[in-house]
Amino acid sequence: MQGHEHMHSDGTAGHSDKPNDDEGQLRRVGDLMERFGCTFESAYRTAQRHRDNMGACEEEMETKMRPCLVAIEVRHRQRAYLKDLVSKSVTVDSFQLPFFRPEMLHEHPKLFPTLTWEEVMRLINKNGGIRVFFIDVDQYPACGQEAYERFYQDSIIAEGFLDILAFVTSTDGLAPLVDFLHHRHFGQSRGPVCSSGSGVTSLSSSPSENTAHDLQAKTRRTRILLGNDTRTSVTQRQNKEGMQLTLKEHGLQYIKGVSGRSADVVKELRREADIQFPVIVKPISGAGSEFVTLCYNDEDIDVAFGVSVGVKTTQNTEASYMMLQEYIQGHEYVVNVVTYQGVHVVSDVWRSWKYPYSVHSSRLRPSLEHKLTIAYNALGEGRQPLAVDTTVLLYDRVEFVHDLAQLPEESEERRVVAYTLKCLDALGMRQGCSHCELRVDCRSDSPNFNTPVLIELNARMLGDVPRATKFVGYDQHTLIVYLVMCAAAISEETSFEHAKSLGFASELSRETGAGDGAEEARSLLPWPPAPLLYRSLSADVTRHVLFLSAEQESHLCPPGFKAVQSLRTFNSFTRGSLLERMKTGETLTVSKTFDLLSSPGAIVLEGTSEEILQDTEYIRRVENNISSEWMSLLERAITALCSIRLPLSSHTIELADISTAHQQEWFHELGEDVVTAITEYQAARQDFIDYFTQSEPPLFIPLAFDKFFSALGVREVIYSWQ
Numbered sequence: 001m002q003g004h005e006h007m008h009s010d011g012t013a014g015h016s017d018k019p020n021d022d023e024g025q026l027r028r029v030g031d032l033m034e035r036f037g038c039t040f041e042s043a044y045r046t047a048q049r050h051r052d053n054m055g056a057c058e059e060e061m062e063t064k065m066r067p068c069l070v071a072i073e074v075r076h077r078q079r080a081y082l083k084d085l086v087s088k089s090v091t092v093d094s095f096q097l098p099f100f101r102p103e104m105l106h107e108h109p110k111l112f113p114t115l116t117w118e119e120v121m122r123l124i125n126k127n128g129g130i131r132v133f134f135i136d137v138d139q140y141p142a143c144g145q146e147a148y149e150r151f152y153q154d155s156i157i158a159e160g161f162l163d164i165l166a167f168v169t170s171t172d173g174l175a176p177l178v179d180f181l182h183h184r185h186f187g188q189s190r191g192p193v194c195s196s197g198s199g200v201t202s203l204s205s206s207p208s209e210n211t212a213h214d215l216q217a218k219t220r221r222t223r224i225l226l227g228n229d230t231r232t233s234v235t236q237r238q239n240k241e242g243m244q245l246t247l248k249e250h251g252l253q254y255i256k257g258v259s260g261r262s263a264d265v266v267k268e269l270r271r272e273a274d275i276q277f278p279v280i281v282k283p284i285s286g287a288g289s290e291f292v293t294l295c296y297n298d299e300d301i302d303v304a305f306g307v308s309v310g311v312k313t314t315q316n317t318e319a320s321y322m323m324l325q326e327y328i329q330g331h332e333y334v335v336n337v338v339t340y341q342g343v344h345v346v347s348d349v350w351r352s353w354k355y356p357y358s359v360h361s362s363r364l365r366p367s368l369e370h371k372l373t374i375a376y377n378a379l380g381e382g383r384q385p386l387a388v389d390t391t392v393l394l395y396d397r398v399e400f401v402h403d404l405a406q407l408p409e410e411s412e413e414r415r416v417v418a419y420t421l422k423c424l425d426a427l428g429m430r431q432g433c434s435h436c437e438l439r440v441d442c443r444s445d446s447p448n449f450n451t452p453v454l455i456e457l458n459a460r461m462l463g464d465v466p467r468a469t470k471f472v473g474y475d476q477h478t479l480i481v482y483l484v485m486c487a488a489a490i491s492e493e494t495s496f497e498h499a500k501s502l503g504f505a506s507e508l509s510r511e512t513g514a515g516d517g518a519e520e521a522r523s524l525l526p527w528p529p530a531p532l533l534y535r536s537l538s539a540d541v542t543r544h545v546l547f548l549s550a551e552q553e554s555h556l557c558p559p560g561f562k563a564v565q566s567l568r569t570f571n572s573f574t575r576g577s578l579l580e581r582m583k584t585g586e587t588l589t590v591s592k593t594f595d596l597l598s599s600p601g602a603i604v605l606e607g608t609s610e611e612i613l614q615d616t617e618y619i620r621r622v623e624n625n626i627s628s629e630w631m632s633l634l635e636r637a638i639t640a641l642c643s644i645r646l647p648l649s650s651h652t653i654e655l656a657d658i659s660t661a662h663q664q665e666w667f668h669e670l671g672e673d674v675v676t677a678i679t680e681y682q683a684a685r686q687d688f689i690d691y692f693t694q695s696e697p698p699l700f701i702p703l704a705f706d707k708f709f710s711a712l713g714v715r716e717v718i719y720s721w722q
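Counting along the sequence shown from 1, when you hit position 633 you're at 633 in UniProt numbering, and nothing is skipped either side.
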């Protein structure tokens, strides 16, 4: 029960063309085909990825031949977490799912009363487990069935998976692809298809033409675990305007807005809709607060559109197709949910804080800004990226909400969750993970004062490793893995017979209006393994996540991060691999922060509220702190250096580090004034270094200071983890 990392650079699962191979490579391909009974294509792709590492080849082929969860574009720390989960047996201690606690083992799942929870556990453990296969996507497929079909044929079918159980992602832009893959893989012929006016049409293919099709046919599953209706993937769950209109159609609280591809159109629509300033302007489809702008007047709207012209979002969508919405001021929440067959389990809720922040920036990722600049200067194409003044919403922190099930129903948190679950129903989230952002309207003149409203639904699992597991015992990842393990252990035929024996099939037919209810009956599983609302295992301590922000393009300062690590409530760095990379001695550069995607990372703090508050104040104080003391020490060292009347272009470090014996010999040859100047310089330089080891060093140092650090010969000292 392991996970396998599948890395590639072309955005697909591998190449189908066969370049000339050496005899050893072809021999490895033949060995894999003989051992695993797979196609040449499947074995060849695996051999190409791992070359002469036969152990890695065999591990990957073993994964493809076993029941597996295919995880597309998930973070590396999430991969490790998922691998660890699937490597475990389902026990009371390993999964900590409430219904697997000793006092619950003899109880019967509500929708699967023919089994007890103990029998469910036994079936899962007896089954032999599952694997996880990870696929990286360098460039997201264009949204649409033809692009998705190409991805499916090249990244899924050609790989020769024997038994896929489900697909999952933690990336917003790939949620529609995941819906497509579920319905394509479990609901249609797997041969190549072409696009037609009514959707996807299968092309005939002989099973004998591809052994993989024969293998897959033997274990073909039709149960869809984590996918939803493809007809509403984009229109309701990715398109932010369609999302709000759907809520309106269902009589739920929504955010008034308009959309368009030009500032002039949107400004006119705003006036017609009587949407008052301030407003939010953001891409119809995007993620990570990318190109989200808080606008106070029409000129701000012009600028918001200007920074997005001619570029794609990180989700490969048109950035300048924008939505303008009324700006909802109020308490913000994040709600994470896992749903199966329309039954929602809330895994964790967080109180969230963002704040308006004025930035002078092009609002473009450095790589994209460079690409546009080259195209404009060399070819005269596109536009010149220019820094402009805009107001963004920066993430400050999130705080875990304890004991959700124990809070009064009329509490703000419970009202937010109740509304969230209604939104999920309205938006067609019957299966899979949801990551929802909401606000409680606190505008005093709003007719919806004190009412929760959905900012956006992200139809995928949260974008980092779970952070509340210690307090709840389980999380989104745990619930997903449990569901997939269940599906591997309990056949669709068993589910159908169970439903039939209890008369569930006809009941499901009446509830869904779908035929004889057979499809729903085959999908039945012992769900949920936890209460719909969680309780905390302990509330003695809590957890906050602080999002870091660099005010300028900067280097990371290892002494500053080491000081943060020594704080009483420090738990971990998250949303990146800063710590690991700093420890290698690499000098890291981060861009100016203007959205979540450009944030250098986050810090997880755990302790009492008072302890966390104290450490938070320290982090915010030093984060970008170029203090007067810091500057005074630097100025004194530079002044002392400049006062030494020697040709020092290549001797700065020698002045600081020369041994005592050589120093005395050298000083003997110099005049008293020069010796005094050198001594003063060495002392000033050491005082500056001591600041970074004994005081409160910043986390980020602007690049403008590099020339001074080089002159003093202190770059290696300041930017070293040692």
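A virtual CB, placed ideally from N, CA and C, is assigned to each residue, including glycine. From a predicted model like this one, the values you see are computed outputs, not experimental measurements.
For residue i, name the three-state secondary structure that DSSP assigns.
i: I701; result: strand
i: I58; result: Per the sequence shown, residue 58 should be read as Glu rather than Ile. In this structure, E58 counts as helix in the three-state DSSP scheme.
i: L247; result: helix
i: P356; result: strand
i: G257; result: strand
i: S632; result: helix
i: A426; result: helix
i: Q229; result: This sequence places Asp at residue 229; Gln is not what is there. Coil at D229, not helix or strand.
i: I455; result: strand
i: D551; result: It should be pointed out that residue 551 corresponds to Glu in this sequence rather than to Asp. Coil at E551, not helix or strand.
i: V714; result: coil
i: E623; result: coil
i: C642; result: helix
i: R365; result: coil
i: H213; result: Confidence is the limiting factor: at H213 the pLDDT is only 44, short of 50, which leaves the residue's position unreliable, though a coordinate-based value still follows. It is helical.
i: P441; result: Looking at the sequence shown, residue 441 is not Pro but Asp. It is a strand residue.
What's the C-alpha gap between residue i and residue j?
i: C436; j: N228; result: 16 Å
i: R51; j: L32; result: 12 Å
i: G242; j: A375; result: 34 Å
i: F133; j: V168; result: 10 Å
i: E299; j: T390; result: 10 Å
i: S347; j: R467; result: 11 Å
i: G432; j: L252; result: 22 Å
i: V392; j: I619; result: 21 Å
i: N458; j: L438; result: 11 Å
i: K312; j: D264; result: 20 Å
i: K110; j: W527; result: 8 Å
i: A521; j: Q329; result: 45 Å
i: S720; j: Q48; result: 38 Å
i: M61; j: A43; result: 8 Å
i: T91; j: F100; result: 7 Å
Check the C-beta distance from residue i over to residue j and give it rounded, since I have them as a contact under 8 Å.
i: I130; j: L226; result: That pair is no contact at about 13 Å.
i: L181; j: I156; result: 7 Å
i: R270; j: V279; result: 7 Å
i: T420; j: V335; result: 5 Å
i: R543; j: F471; result: 7 Å
i: N125; j: S87; result: N125 to S87, Cβ: 13 Å. No contact.
i: A405; j: Y534; result: 6 Å
i: L247; j: C423; result: 6 Å
i: L605; j: L556; result: So it is not a contact: roughly 19 Å between Cβ atoms.
With a cut-off of 8 Å, do at least 3 Cβ pairs link the segment 337–355 to the segment 300–320?
no
Enumerate, from N- to C-terminal direction, the unbroken alpha helix (DSSP H) stretches of 4 or more residues contained entirely within the segment 107–189.
117–126, 145–151 and 175–187
Beta strand (DSSP E) segments (min. 3 residues) lying fully within the segment 376–423
388–400
Complete runs of the alpha helix (DSSP H) confined to the segment 462–539 [at least 4 residues]
469–472, 476–489, 492–501, 504–512 and 518–523
Three or more C-beta pairs closer than 8 Å, one from the segment 336–354 and one from the segment 395–402: is that the case here?
yes
Taking 8 Å as the threshold, find out whether the segment 68–85 comes into contact with the segment 169–180 through three or more Cβ pairs.
yes
Could you pull out every unbroken alpha helix (DSSP H) segment of at least 4 residues lying fully inside the segment 19–91, listed in chain order?
23–36, 40–50, 54–65 and 76–86
Taking one C-beta from the segment 279–299 and one from the segment 135–142 each time, how about it: are there three or more such pairs within less than 8 Å?
no
Stretch-stretch touch, CB-based, cutoff 8 Å, three pairs: the segment 538–553 with the segment 694–713
yes
Whole beta strand (DSSP E) elements within the segment 557–614, 3-residue minimum
570–574 and 602–607
Touching by the beta-carbon criterion (3+ pairs, under 8 Å), the segment 561–574 and the segment 368–388
no
Could you name each continuous alpha helix (DSSP H) segment of 4 residues or more that falls completely within the segment 275–326, going from the start of the chain to the end?
298–306
Looking at C-beta atoms only, is the number of pairs between the segment 60–67 and the segment 157–166 that lie closer than 8 Å three or more?
yes
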